[in-house]
Every structure is written in C-alpha cells, then in structure tokens.
Amino acid sequence: MEDLLFYLFAFVVIGSASVVVLSKNIMYSAFSLLFTFFGVAGLYVLLFADFVALTQIMVYIGGILVLIIFGVLLTTKITGVDIKSGTTGKVQLITASVVVVIIAISLILLFTNVEWVNQEFVQPNTTIDSIGFAFMTKYLLPFEIAAVLLLIALVGATLIARRK
Amino acid sequence: MSVGLTEYLIVSAILFSLGIFGIITRKNAIMVLMGLELVLNAANINFVAFAKYGGMNIDGQVAALFVIILAAAEAAVALAIVLNIYQNFKHINVDEIVKMKD
Chain A
1 MEDLLFYLFA FVVIGSASVV VLSKNIMYSA FSLLFTFFGV AGLYVLLFAD
51 FVALTQIMVY IGGILVLIIF GVLLTTKITG VDIKSGTTGK VQLITASVVV
101 VIIAISLILL FTNVEWVNQE FVQPNTTIDS IGFAFMTKYL LPFEIAAVLL
151 LIALVGATLI ARRK
Chain B
1 MSVGLTEYLI VSAILFSLGI FGIITRKNAI MVLMGLELVL NAANINFVAF
51 AKYGGMNIDG QVAALFVIIL AAAEAAVALA IVLNIYQNFK HINVDEIVKM
101 KD
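Top line first, the protein sequences correspond to chains A and B.
Position one of the first sequence corresponds to residue 1 (the working numbering), numbered consecutively onward.
Position one of the second sequence corresponds to residue 1 (the working numbering), numbered consecutively onward.
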C-alpha cells in the first residue's frame, strides 16, 4: 500500500514537473506547479516528515505559488497574445536536452551504485516536538538569522516593487 | 521491490534535471523561477529522505525547513525584481535584458 502511494506521488511529481517545464502556455506551467508541490508534500508524508509536509503546503502553495501566479498575471499582456513562455531556438534546445539527460543519467547511476548505510528506523509519533527542540537549542542562531533574513527580504521586496 | 532510499533519490534526480532543463531553455524570467523552485524541491526531497533512512535523524528535516524559508525569501525578492524589469522594459525576456536600466 505504501509502495503504491509512493509510485502514485512520484508519478504526479514527475508528470506535472514535465508539464511545468515543457508547456508552451505559462499559465498551464504555473498551475501544474501546484500539483508538483502537492506531490512533493505527499512524498514528505510518506517519509514521516509531517511538519515539513504541512510547511510545504502552507509556504509553497499558499505563498510562493500565489506570488508566481501574480507575477505571471502582472507581466503578461492579457489583451494581447503575449502569454506564451517563449522557448529558445532548436540548437539550444537540443544541446540543453543532451546536457540535462547526461546529468540525470549520471545522478541516477551515482544514486543506485552507492551502498547507502541504512540505519535502524524508529517510527516517531510526531516530529513536531523534536523539530521544536532542535530549533530552540541546536539551531537557535540559524533560526534567528532566518527570521531576520525574512524581515529584510520582505522590506526589500516591497521597496523594490514599489511604483516610483 | 520495496521502496527504499534509492527510489526517493531517483525521483529527486529526475525532478532536479527537469528543473535545470526549465532554467536553461526558457526565456521568460518567471519560467526560470519556476525551474528554480523545482530544483529546490528536489534538494528538499533528498534532505528528508536521508533524514528518514539515516535513523530518523531530525537534522535533515530542519535543513529542509531552512531551504523552504530561503525559497520564500528568494521568490519574494525575485518577483519584485521581475516586476521592476517589466516596468522598465515592457517584457521579461532574460536573453534581451542586458542593461540595468534604460
């Protein structure tokens, strides 16, 4: 059952990511990015990362995807036909495909040939407790820096995007 | 064949390659951003998979959360820059943008 769910989510992730990359219409790309993010969240749940899955849904789908769709709508002319995402020429496309396929094959060969050390798996009740403890003890400084970074990014983004 | 660490790594490798393909073949700046999000998600799958198969180590999940935080900050700033470019140039074709301003 778990294996079946894994293959379902993997199919959703890879299928919708292909639509994102290959679709001519940028709106279709933006909407199939939604399914990619949901599929990745499903993979997180299968990996016993409940809090990361929830954060993925809230931040990626509730925040980043909405921002991207706003960006698409604000930078394409609705009245014109300029909603195409515009790919590069044939030569670049073929070269890029060859390079990417080489990257993919070498990564997969690497991942399948390494003998990974599989440690004893202890099923946790919930990961939120231990994530909270980790953030407040071991990762306290990175946590605070991330908070300051988010504040700076927010202020900077509004400052840059402001109409003059 | 039972699903193990390798299957998750293969999914993330394919997702990473698709993201790279999107980044290098598209001209639209927002499409480049979408490819970037795919790459970050692929890295995150690796972090969480290693966290589980490394004996339910919480450090991997914490790293994944930091990646999500950085992705949110990056998307906000990048889209602000893209909007600014659109106001200046009336297009967001990354191949043709060679000047900081008109």
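All residues carry an ideal CB built from backbone N, CA and C; glycine is no exception.
Computed from a prediction, not measured in an experiment: that's the story for all the values here.
Asked	Found
For a cutoff of 8 Å on Cβ pairs, would you count A/V155 as touching chain B?	no
Could you tell me whether the Cβ of B/A43 comes closer than 8 Å to any Cβ of chain A?	no
Check the Cβ of A/T126 against every Cβ in chain B and list those closer than 9 Å, keeping chain order.	Within 9 Å Cβ-Cβ: nothing; A/T126 doesn't reach chain B, min ~11 Å.
Using beta carbons (cut-off 8 Å, strictly below), is A/G62 in contact with chain B?	no
Give the list of continuous alpha helix (DSSP H) stretches no shorter than 4 residues that lie fully inside the stretch 34-113 of chain A.	50-55, 65-75, 90-113
With 8 Å as the threshold, decide whether the Cβ of A/V81 is near any Cβ in chain B.	Bear in mind that the predicted position of A/V81 carries a pLDDT of just 46, short of 50, making it unreliable; the figure below should be weighed with that in mind. Chain B contact via Cβ: absent.
Say whether chain B places a C-beta atom closer than 8 Å to the C-beta of A/Y139.	yes
Is the beta carbon of A/V19 sitting closer than 8 Å to the one on B/I30?	no
At a cut of 8 Å, does the stretch 142-157 of chain A reach the stretch 31-49 of chain B through at least three beta carbon pairs?	no
Does B/V48 get closer than 8 Å to chain A when you measure Cβ to Cβ?	yes
Between which two residues does the alpha helix (DSSP H) carrying B/G35 extend?	29-53
Is the beta carbon of B/L9 less than 8 Å from the beta carbon of A/F111?	yes
Helix, strand or coil for B/N93, going by three-state DSSP, please let me know.	strand
Give the range of the alpha helix (DSSP H) segment to which B/G4 is assigned.	Unbroken run through B/G4: none, as it is neither H nor E.
I'd like the list of long-range same chain contacts for B/F16, defined as Cβ closer than 8 Å, with 5 residues on each side in sequence excluded.	L38, V39, A42, A43
Which first and last residues belong to the alpha helix (DSSP H) in which A/V21 is found?	2-22
Which chain B residues are close to A/E2, counting only those with a beta carbon under 8 Å from its beta carbon?	V3
Going by Cα to Cα distance, which pick from A/F37, A/F51, A/D50 is closest to A/V66?	A/F37
Which bits of chain A does B/E7 rub up against, with CB to CB less than 7 Å?	F6
Less than 8 Å between CB atoms is the rule here; does B/F16 satisfy it with respect to chain A?	yes
According to a CB-to-CB cut-off of less than 9 Å, which residues of the stretch 50-62 of chain B neighbour chain A?	F50, A51, K52, Y53, G54, G55, M56, N57, I58, D59, G60, Q61, V62
Start and end of the alpha helix (DSSP H) containing A/T158?	140-161
Apart from the five residues just before and just after A/F202, which ones in its own chain have a Cβ nearer than 7 Å to its Cβ?	Since the displayed chain A opens at 1 and closes at 164, residue 202 of chain A lies outside it and no answer follows.
Please tell me whether B/V77 has its Cβ less than 8 Å away from any Cβ of chain A.	yes
Quick check: B/Q87 and A/I131, are their CB atoms within less than 8 Å of each other?	no
Along the stretch 84-97 of chain B, what residues have a CB closer than 7 Å to any CB found in chain A?	N84, Y86, I92, N93
Would you please verify whether the beta carbon of B/V11 is less than 8 Å from any beta carbon of chain A?	yes
Closest to B/E5 by CA distance: which of A/I145, A/E115, A/V99, A/T127 is it?	Just to set this straight, residue 5 of chain B is Leu in the shown sequence, not Glu. Among A/I145, A/E115, A/V99, A/T127, the Cα nearest to that of B/L5 is on A/E115.
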